[in-house]
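*Asks:* Questions regarding the structure given below will be posed in turn.
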Amino acid sequence: MIPELGHLALILALALAIIQAILPLAGSFTHRRSWMAMARPLAWGQLAFLSLAFACLLWAFLSDDFSVLYVARNSNRLMPAVYKVSAVWGAHEGSLLLWALLLGGWGAAVAASGRNLPPQVAARVLSVLGLIGIGFLLFMLLTSNPFTRLFPVPPEGRDLNPLLQDPGLAIHPPMLYMGYVGFSVAFAFAIAALLGGKLDATWARWSRPWTTVAWVFLTLGIALGSWWAYYELGWGGWWFWDPVENASLMPWLVGTALIHSLAVTEKRAAFKRWTLLLALCAFSLSLLGTFLVRSGVLTSVHAFATDPARGTFILVFLCLVVGGSLALYAWRTPEVSGGGRFDPLSRETFLLVNNLLLTAFAALVLFGTLAPLIYEAMGWGKISVGFPWFNRMFLALMPFLALALGIGPMTRWKRDQAGRLVKGLGIAALVSLATAGVASLFPPKTTGGSLLVALGLGLVAWVLLAHLAGLRDRLRRRRDIAAVAADLKGGGRGYYGMLLAHLGVAMFIFGVTMVSNFGSEQDIRMSPGDVHETAGYRFRFEGVTTVPGPNYRAVRGRFLVFQGDRQIAVLEPEKRTYFTSPKPMTEAAIDWGFTRDLYVSLGEPLGESGRDGDWALRIYYKPAVRWIWLGGLCMALGGLLAITDRRYRRFIRK
Numbered sequence: 001m002i003p004e005l006g007h008l009a010l011i012l013a014l015a016l017a018i019i020q021a022i023l024p025l026a027g028s029f030t031h032r033r034s035w036m037a038m039a040r041p042l043a044w045g046q047l048a049f050l051s052l053a054f055a056c057l058l059w060a061f062l063s064d065d066f067s068v069l070y071v072a073r074n075s076n077r078l079m080p081a082v083y084k085v086s087a088v089w090g091a092h093e094g095s096l097l098l099w100a101l102l103l104g105g106w107g108a109a110v111a112a113s114g115r116n117l118p119p120q121v122a123a124r125v126l127s128v129l130g131l132i133g134i135g136f137l138l139f140m141l142l143t144s145n146p147f148t149r150l151f152p153v154p155p156e157g158r159d160l161n162p163l164l165q166d167p168g169l170a171i172h173p174p175m176l177y178m179g180y181v182g183f184s185v186a187f188a189f190a191i192a193a194l195l196g197g198k199l200d201a202t203w204a205r206w207s208r209p210w211t212t213v214a215w216v217f218l219t220l221g222i223a224l225g226s227w228w229a230y231y232e233l234g235w236g237g238w239w240f241w242d243p244v245e246n247a248s249l250m251p252w253l254v255g256t257a258l259i260h261s262l263a264v265t266e267k268r269a270a271f272k273r274w275t276l277l278l279a280l281c282a283f284s285l286s287l288l289g290t291f292l293v294r295s296g297v298l299t300s301v302h303a304f305a306t307d308p309a310r311g312t313f314i315l316v317f318l319c320l321v322v323g324g325s326l327a328l329y330a331w332r333t334p335e336v337s338g339g340g341r342f343d344p345l346s347r348e349t350f351l352l353v354n355n356l357l358l359t360a361f362a363a364l365v366l367f368g369t370l371a372p373l374i375y376e377a378m379g380w381g382k383i384s385v386g387f388p389w390f391n392r393m394f395l396a397l398m399p400f401l402a403l404a405l406g407i408g409p410m411t412r413w414k415r416d417q418a419g420r421l422v423k424g425l426g427i428a429a430l431v432s433l434a435t436a437g438v439a440s441l442f443p444p445k446t447t448g449g450s451l452l453v454a455l456g457l458g459l460v461a462w463v464l465l466a467h468l469a470g471l472r473d474r475l476r477r478r479r480d481i482a483a484v485a486a487d488l489k490g491g492g493r494g495y496y497g498m499l500l501a502h503l504g505v506a507m508f509i510f511g512v513t514m515v516s517n518f519g520s521e522q523d524i525r526m527s528p529g530d531v532h533e534t535a536g537y538r539f540r541f542e543g544v545t546t547v548p549g550p551n552y553r554a555v556r557g558r559f560l561v562f563q564g565d566r567q568i569a570v571l572e573p574e575k576r577t578y579f580t581s582p583k584p585m586t587e588a589a590i591d592w593g594f595t596r597d598l599y600v601s602l603g604e605p606l607g608e609s610g611r612d613g614d615w616a617l618r619i620y621y622k623p624a625v626r627w628i629w630l631g632g633l634c635m636a637l638g639g640l641l642a643i644t645d646r647r648y649r650r651f652i653r654k
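Below, the structure is given as structure tokens:
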């Protein structure tokens with residue numbers, strides 16, 4: 001009866017979503033306050049039914065109810081309980097249910113905090129979220145029902161994909177989906193503003209905190225996904241430009257541009273058309289990512305589904321959402337005023353440059369991801385757009401973005417003087433150039449890497465020193481500790497959040513520069529007792545043992561790691577074979593460090609050559625790789641600090 005209850009809950013959630021999409025919206029145009037007031041209880045009711053459906057599916061996994069097709073395909077009795085929980089969203093149908101649940105949660109949050117919004121605005125925002133909910137609930141009920149029954153009931157399930165049986169994958173999808181779905185709130189505020197025709201700066205103040213929260217979750221989700229790929233897949237890399245990785249990066253880039261654009265619209269009433277378009281594009285790219293993952297048009301280690309019917313449904317839904325929103329944008333934006341004027345040398349100009357670079361990068365990633373499909377569809381043959389092309393695009397745009405990142409916060413709104421900027425940033429520029437010159441003297445292992453190292457470390461120095469100069473100017477105006485504490489406690493949190501997020505960008509650039517140019521990777525053959533040296537570290541192979549797991553059997557290697565005469569680590573990589581899958585899975589062993597990682601991955605046995613006990617091994621030295629994820633964490637913490645700024649609380653109360 002539990003699966004039937006879950007299915008009924010989805011149907012009731014769909015019924016409430018339909019009413020939520022129609023009645024409050026109609027009330028906002030006919031000025032029926034009773035209809036508009038229904039938006040909030042409808043949003044809460046939809047969340048309640050979606051929570052019930054999610055709980056029913058979770059119970060089916062925990063109770064090993066293999067009469068549910070989705071459970072039979074993604075679980076078995078031997079699987080640890082924590083992975084039974086993560087299996088709820090570990091495949092296509094469950095991930096859609098998680099998406100719908102989070103959408104209901106965002107809608108309920110808007111309903112709870114939206115008492116301070118004008119009734120018409122709140123009704124329109126919640127109606128748009130209801131429309132989006134209709135699309136996903138119909139998708140589930142018509143093509144991807146997680147409660148479909150299976151008969152006859154199998155005695156055992158197939159097990160979850162072994163790649164997903166990992167703590168990182170238990171956290172990564174909810175974080176990522178919180179970001180994806182969170183951009184629906186920015187989208188809903190933009191559509192509400194377009195429907196109402198009131199396109200002043202007020203809607204930007206309403207939308208900005210929600211957008212920042214969504215961006216924080218998406219940042220954490222992407223960082224977790226990168227970290228998981230690094231330690232779980234055994235290849236030692238942190239980003240592969242995989243189509244599904246790109247699907248999460250594109251809305252993040254546009255969402256970053258949106259946050260900066262919202263700041264200009266809120267502060268100076270400028271960029272209003274630009275901000276509206278970015279809000280529409282951020283969520284549209286989130287939907288595009290859903291289409292790429294679930295349609296089967298692109299293959300990826302992360303992809304869920306290859307059913308053409310599902311892909312067709314998502315494509316039609318994507319066309320309706322994107323096409324409808326852009327048509328409304330084209331109809332309404334001619335009425336939008338230009339907003340505050342600004343000189344070429346102003347903070348607005350550098351924020352505009354920042355936004356243009358971020359959207360250009362997102363467009364290039366989109367082109368590189370879809371180019372193979374376009375070429376094949378047009379009959380032009382097959383092409384592959386891979387790692388080198390994306391890296392060149394990144395290297396081409398990143399220097400300009402870092403330059404704007406350093407100058408923008410130091411520049412005044414509306415207009416500034418070149419002499420003041422030169423005085424404030426001259427020392428930072430000179431020290432950054434000197435840093436680049438010194439860095440070029442240390443040749444890396446990669447061809448042409450001296451220039452890349454100089455560029456990367458020079459940009460890191462520039463971003464850090466430019467922001468230190470800005471911080472010095474800000475603290476100079478606050479002459480004692482009490483004034484600084486009051487600034488941090490009150491209206492200055494937005495500034496300090498920006499400072500922390502930009503520090504994260506510098507840390508990210510530093511990590512990428514170091515690991516890309518000074519890291520080493522070696523594929524070797526070793527037998528027990530052999531010693532291999534790399535980057536000043538000695539690895540002694542002690543042999544392998546067989547160890548049992550809850551639902552797998554593993555071969556575990558053992559390595560003693562020495563630096564000089566001192567043993568610093570014991571690494572035990574594994575090769576796991578799950579009972580339901582004959583393909584072995586690699587579990588790398590990593591000695592984590594703030595300045596470097598030592599990484600060992602176990603390959604295949606090579607006993608057929610006659611040297612019994614030989615193994616193919618991969619040993620990596622990864623300098624400063626941890627700074628990449630620490631940078632992402634700093635960006636997210638900066639966003640969290642910014643949304644606690646007092647001016648948002650004042651605006652909500654007002």
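If you count the sequence shown from 1, position 25 lands on 25 in the working numbering, and the numbers rise without skipping. We put the beta carbon where it would ideally sit given N, CA and C, even for glycine. Note that this is a predicted model, so its numbers are computed, not measured.
State the Cα-Cα distance for the pair V301 and S527, rounded to the nearest angstrom.
*Replies:* Reliability of the predicted coordinates at V301 is poor, the pLDDT of 45 falling under 50, and the value obtained from them is presented with this limitation in mind. Their backbone Cα atoms lie some 32 Å apart in a straight line.
*Asks:* If we ignore side chains and look at the alpha-carbon of each, how far apart do F541 and I590 end up?
*Replies:* Rounded to whole angstroms, F541 to I590 spans 15 Å at the Cα level.
*Asks:* Kindly list the residues whose CB is nearer than 7 Å to the CB of G631, restricted to its own chain and excluding five residues on each side of it in sequence; keep chain order.
*Replies:* Excluding sequence neighbours, G631 sits near G504, V505, M507, F508 and G511.
*Asks:* Using C-beta distances below 6 Å, list every residue in its chain close to G236, excluding the 5 sequence neighbours before and after it, in chain order.
*Replies:* Contacts found: Y599 and Y620.
*Asks:* If you draw a straight line from the C-alpha of T290 to the C-alpha of R310, how long is it?
*Replies:* Going from the Cα of T290 to the Cα of R310 covers about 11 Å.
*Asks:* Rounding to the nearest angstrom, what Cα-Cα distance links L10 and M378 in this structure?
*Replies:* Rounded to whole angstroms, L10 to M378 spans 40 Å at the Cα level.
*Asks:* Report all residues from its chain with a CB closer than 8 Å to the CB of A170; omit the five preceding and five following residues, and keep chain order.
*Replies:* Taken in chain order, the residues that qualify are V82, Y83, V85 and S86.
*Asks:* Smallest Cα separation from L160: which of L8, A439, R596 and S581?
*Replies:* When only C-alpha atoms are compared, the closest one is S581.
*Asks:* Count the other CB atoms within 10 Å of the CB of C281; is the residue buried (16 or more) or exposed (fewer)?
*Replies:* Buried, by the Cβ-count rule.
*Asks:* Kindly list the residues whose CB is nearer than 6 Å to the CB of L464, restricted to its own chain and excluding five residues on each side of it in sequence; keep chain order.
*Replies:* Answer for L464: A506, listed in chain order.
*Asks:* Only counting the same chain, and skipping five residues up and downstream in sequence, which positions put a Cβ closer than 6 Å to that of A428?
*Replies:* L465, A466 and A469.
*Asks:* Decide if the region 86 to 102 is in contact with the region 130 to 149; the criterion is three or more beta carbon pairs, one per stretch, under 8 Å apart.
*Replies:* Yes: the two stretches touch, three or more of their Cβ pairs being nearer than 8 Å.
*Asks:* How far does the alpha helix (DSSP H) with L405 in it reach, from first residue to last?
*Replies:* Note, L405: alpha helix (DSSP H), F387 to I407.
*Asks:* Mind the definition here: the region 364 to 379 touches the region 423 to 442 only if three or more C-beta pairs lie below 8 Å; say whether that holds.
*Replies:* Touching, no, given that fewer than three Cβ pairs across the two stretches are closer than 8 Å.
*Asks:* Around the C-beta of L102, are 16 or more other C-beta atoms found within 10 angstroms, so that it is buried, or is it exposed?
*Replies:* Buried: at least 16 other Cβ atoms inside 10 Å.
*Asks:* When DSSP labels each residue in this structure, what does W206 get in the three-state scheme?
*Replies:* W206: helix per DSSP, three-state reduction.
*Asks:* Would you grab the beta carbon distance between S248 and G225 for me? Rounded to a whole angstrom, and I think it's under 8 Å.
*Replies:* Contact flag correct, Cβ pair sits at about 7 Å.
*Asks:* Which class does G638 belong to by DSSP, given the choice of helix, strand or coil?
*Replies:* If DSSP states are grouped into helix, strand and coil, G638 belongs with the helices.
*Asks:* Might you give, ordered along the chain, the residues of its own chain that have their beta carbon closer than 6 Å to the beta carbon of E574, omitting 5 neighbours on each side?
*Replies:* Counting only Cβ-Cβ distances below 6 Å, and skipping sequence neighbours, we find A554, R556 and E587.
*Asks:* Return the bridge partner residues of W615 from the DSSP annotation.
*Replies:* BP columns for W615 point to M526 and P605.
*Asks:* Would you mind giving the Cβ-Cβ distance between G182 and V153, rounded to the nearest angstrom? I have them listed as a contact below 8 Å.
*Replies:* Not a contact, Cβ separation roughly 39 Å.
*Asks:* Mind checking whether A229 and F217 have CB atoms under 8 Å apart?
*Replies:* Cβ atoms of A229 and F217: not closer than 8 Å.
*Asks:* If we count Cβ pairs, one from each stretch, closer than 8 Å, do we get three or more for the region 326 to 336 versus the region 344 to 351?
*Replies:* No contact exists between the region 326 to 336 and the region 344 to 351.
*Asks:* Using only CA atoms, which one of P118, V125, L117 and R115 lies nearest to G107?
*Replies:* Cα-wise, what sits closest to G107 is V125.
*Asks:* Measuring straight from C-alpha to C-alpha, what distance separates A636 and L606?
*Replies:* One C-alpha to the other measures close to 45 Å.
*Asks:* What does the alpha-carbon distance come out to for the pair N97 and N74?
*Replies:* The sequence given here places Leu at residue 97; Asn does not occur at that position. Their Cα atoms are separated by approximately 15 Å.
*Asks:* How many Å lie between A434 and G458 at the Cα?
*Replies:* A434 and G458: Cα-Cα distance of roughly 8 Å.
*Asks:* How many angstroms separate the CA atom of G639 from the CA atom of A223?
*Replies:* Taking the straight line from one Cα to the other gives about 15 Å.
*Asks:* Of the residues G543, S520 and G549, which one's Cα is nearest the Cα of Y537?
*Replies:* The residue with the shortest Cα to Cα distance from Y537 is S520.
*Asks:* The alpha helix (DSSP H) spanning T369 covers which residue range?
*Replies:* That run of the alpha helix (DSSP H) goes R347 to A377.
*Asks:* Note down, in chain order, each residue of its chain lying with its Cβ closer than 8 Å to the Cβ of L357, except the 5 sequence neighbours on either side.
*Replies:* Contacts found: L397, F400, L401 and A404.
*Asks:* CB G27 to CB A123, shorter than 8 Å?
*Replies:* Their beta carbons are under 8 Å apart, which means G27 touches A123 by this criterion.
*Asks:* When burial is assigned at 16 or more other CB atoms within 10 Å of the CB, is R493 buried or exposed?
*Replies:* Per the 10 Å Cβ criterion, buried.
*Asks:* Extract the residue ranges of the alpha helix (DSSP H) inside the region 437 to 481, only unbroken runs of 4 or more that lie entirely within it.
*Replies:* Runs found: 449 to 476.
*Asks:* With a CB to CB cut of under 6 Å and the five nearest residues on each side skipped, what residues in its chain are close to Y180?
*Replies:* Closer than 6 Å at the Cβ level, and outside the excluded window around Y180, lie S286.
*Asks:* Return the CA-CA distance between V128 and T577, expressed in angstroms with no decimal places.
*Replies:* Distance between the alpha carbons of V128 and T577: 47 Å.
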